[in-house]
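Protein chains in written order, with our numbering: chain C, 1 to 340; chain V, 341 to 680. Think of the CB as a built atom: it goes at the ideal place given N, C-alpha and C, for glycine as much as any other residue. Just so we're clear, the structure is a prediction, and the values are computed from it rather than from any experiment.
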DNA sequence: AATTAGCACTCAATGGGGTTGAGTGCTAAC
DNA sequence: GTTAGCACTCAACCCCATTGAGTGCTAATT
């Protein structure tokens, strides 16, 4: 992979990203000054094709990058980009509105992402198990039902209907909540150790079962463990020329309706930080002609959720990566403030 | 409008609804035994066209019903239909799952509607102002913030962050909630009269402002006054041959993303009961080649929300009407049970 | 040995032209 | 009033020639 091959590949990727048309040797020679003739470029392209970085839709067409071509571009050729002042200002302005709950913050973030990228944005979180619980309350609802209200540090309020023994009085409920709050205030469910739990069980021996039920509800079962999902700009796929086919669009939109799929797309990798999945690298079936750029966001050093942008493999990776990184940072900042 | 014209119009509407192809005189003579020749039918069709009930996409094509054609069909020609036993069973089965909150009921209902109709279903409600409030609680959150938790008769739990004077203690909050509950339990916000309010103000004179704030939050401002929206089967428009155009599909899907639009579609008419809007009869711009069948659902004699089905003007009105009516009834039944 | 000009070749896309077939309106006969 | 007959219309389809962008190969040039 000599220097000139890199330049040719870079030219092909860049050109295809911006035009969506297969790019030919003449175009490269003309638009990107490599100082060589189209014939030479053709030779290079033949090599690149053999190496698997580019491919031809049909014999008499130009070349388009393959998944590995994009991968090489992303790993070795892409120049980092920074947001322009206007764009930064736009984000700042969108975040300037006072937001009380994390949910609102995430929804706005998803909107910003999709608007600025022109692709589809996905945000998942916060992970309940890791979200610190500020306060818990138990309200009597019926003779054998209570309402469990939990306020997390992110000001996310969750409600659960709780089955209780009919013998429990309002005072009992209050007592349970009081003890819970005094022992566990500010702890995430994931952090609750057996020790402190035993302590509570001792104090609330008669209500063991109720405490257990609360713990279970707050911990969330695995199915809903990924928290809420914000999705924005799903209809942006209509902008992409590669999705001018009704069935393709439909396929993607149907996938995006399923939270499990979103979860799969965003949490494909367990690692923290930025991740780029190109085309077939995605494990989720049906988005193999899409790329996904994801990142994680963190509060208090705890992984709180994932954000991501889904677009065609022909996406503007440089810009998208910058956007996702910036937004992950912004989220860290805004959420930290929200958490006081 | 003699008997035979009606028969011809009926044949055209029925045929077009099921085939989506313009229907010609020969087809009618063959498929629908009117005992006359195509030529005669052509004459009748010429009349019907003059009367505005049918139109020709182009000279050498058959006829398709116009909006007024559908209107006449719906008003005068359509035979009422009842659901088959299998379909009833399906609904029963879907509703048999235990559901705790109205939200869940409405979501399931929307799914049933869209699945059985193959169109898009919309459900709006419950109207908070009309939903009776079972219980209210105030939890201290910060020095100048409290969490207002309201449980409605439909078991819908709403949370609001409330600004309070820093001087208020936890005991104060409890007292406010206690007084509120004792006076207003089981009342909808819309029902609260000045008299009982004055009563409360007297008792809680020091906390007037807080009580007022609570009232405002619960009443909801006009913007959010329509409650929650459940939407299902939006992607069903991809099934319709008249929407094989990307831009059309996109247009509709974009509209459906806007809750204000949904509100406009569903609450176009103030009347209760069934309503059918055909094509251009819709006041909402952009759905003028769609028809909407809506109905209202009622709990305790109070209008609680709207349900509706959105499909192409070429929709199966007989079936859709039956579905919407049935679902409105079922909702009444299921919700009444939920409300105990 | 690398580069390039030249050339034959491929193939999607475009557009014209003929054919088909479903459907109509009109007229004259029944 | 109904119908058969007929000329006419027009979208849809297929066929085919043309175009043009692009390639690979080869031989000449540097």
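Within 9 Å (strictly less), CB to CB, does residue i reach chain V?
i, result
"residue 159 of chain C", "yes"
"residue 246 of chain C", "yes"
"residue 254 of chain C", "yes"
"residue 224 of chain C", "Low confidence applies to residue 224 of chain C: its pLDDT is 49, below 50, so where it sits in the model is not reliable enough to give any reading."
"residue 257 of chain C", "yes"
Mind listing the chain C neighbours of residue i? Cutoff is C-beta to C-beta under 8 Å, in chain order.
i, result
"residue 491 of chain V", "139, 141 and 147"
Starting from the C-beta of residue i, find all residues in its chain whose C-beta is less than 8 Å away, skip the five residues before and the five after it, and write them out in chain order.
i, result
"residue 288 of chain C", "279, 280 and 282"
"residue 563 of chain V", "Residue placement at residue 563 of chain V is poorly supported in this model, since its pLDDT is 47, which falls under 50; the coordinates still yield a value, given next. Around residue 563 of chain V: no qualifying Cβ."
"residue 685 of chain V", "Not covered by the structure: residue 685 of chain V. The range shown for chain V is 341 to 680."
"residue 332 of chain C", "297, 298 and 299"
"residue 249 of chain C", "237, 238 and 243"
"residue 173 of chain C", "138, 139, 140, 146 and 164"
"residue 319 of chain C", "81 and 117"
Looking only at its own chain, which residues have a Cβ that is under 6 Å from the Cβ of residue i, when we skip the five neighbours before and after it?
i, result
"residue 105 of chain C", "99 and 334"
"residue 190 of chain C", "129 and 130"
"residue 268 of chain C", "283"
"residue 203 of chain C", "179"
"residue 350 of chain V", "417"
Measure how close the beta-carbons of residue i and residue j come, nearest whole angstrom, since I'm counting them as under 8 Å.
i, j, result
"residue 176 of chain C", "residue 149 of chain C", "13 Å between Cβ atoms; not a contact."
"residue 309 of chain C", "residue 120 of chain C", "7 Å"
"residue 29 of chain C", "residue 17 of chain C", "With a Cβ gap of about 19 Å, residue 29 of chain C and residue 17 of chain C do not count as contacting."
"residue 299 of chain C", "residue 336 of chain C", "6 Å"
"residue 344 of chain C", "residue 575 of chain V", "The first residue shown for chain C is 1 and the last is 340, placing residue 344 of chain C beyond what the model contains."
"residue 293 of chain C", "residue 265 of chain C", "Rounded, the Cβ-Cβ distance is 11 Å, inconsistent with contact."
"residue 506 of chain V", "residue 532 of chain V", "With a Cβ gap of about 28 Å, residue 506 of chain V and residue 532 of chain V do not count as contacting."
"residue 414 of chain V", "residue 385 of chain V", "That belief does not hold up - the Cβ atoms of residue 414 of chain V and residue 385 of chain V are roughly 20 Å apart, past 8 Å."
"residue 393 of chain V", "residue 377 of chain V", "At roughly 21 Å, the Cβ-Cβ gap does not stay under 8 Å, so residue 393 of chain V and residue 377 of chain V are not in contact."
In chain V, which residues lie less than 9 Å from residue i when you measure between Cβ atoms?
i, result
"residue 135 of chain C", "479, 480, 481 and 487"
"residue 235 of chain C", "590, 593, 594 and 597"
Hey, does residue i have any beta-carbon neighbour from chain C nearer than 9 Å?
i, result
"residue 515 of chain V", "no"
"residue 441 of chain V", "yes"
"residue 642 of chain V", "no"
"residue 510 of chain V", "no"
"residue 543 of chain V", "no"
"residue 495 of chain V", "yes"
Can you pull the chain C neighbours of residue i, defined as C-beta to C-beta under 9 Å?
i, result
"residue 472 of chain V", "Those do not exist, as residue 472 of chain V stays about 14 Å from chain C at its closest Cβ, beyond 9 Å."
What does residue i touch in chain V if you count any residue whose Cβ is under 7 Å from its own?
i, result
"residue 16 of chain C", "Going along chain V, no residue has its Cβ under 7 Å from residue 16 of chain C, so there is no contact; the nearest lies around 22 Å."
So residue i contacts chain C; which residues on that side make the cut at Cβ distance below 7 Å?
i, result
"residue 578 of chain V", "246 and 250"
Can you list, in chain order, the residues of its chain whose CB lies under 7 Å from that of residue i, leaving out five sequence neighbours each side?
i, result
"residue 492 of chain V", "471, 472, 473 and 474"
"residue 259 of chain C", "229"
"residue 655 of chain V", "459 and 631"
"residue 567 of chain V", "464, 465, 466, 467, 468 and 645"
"residue 442 of chain V", "466, 494, 495, 496, 675 and 678"
"residue 24 of chain C", "62"
Fill in: Continuous beta strand (DSSP E) assignments of at least 3 residues falling wholly in the segment 255-302 of chain C
275-278 and 290-299
Worksheet item: Which ranges would you report for the beta strand (DSSP E) in the segment 445-488 of chain V if only whole runs of at least 3 residues count?
Response: 460-465 and 472-482
Item to complete: Could you name each continuous alpha helix (DSSP H) segment of 4 residues or more that falls completely within the segment 362-410 of chain V, going from the start of the chain to the end?
Response: 365-371 and 378-390
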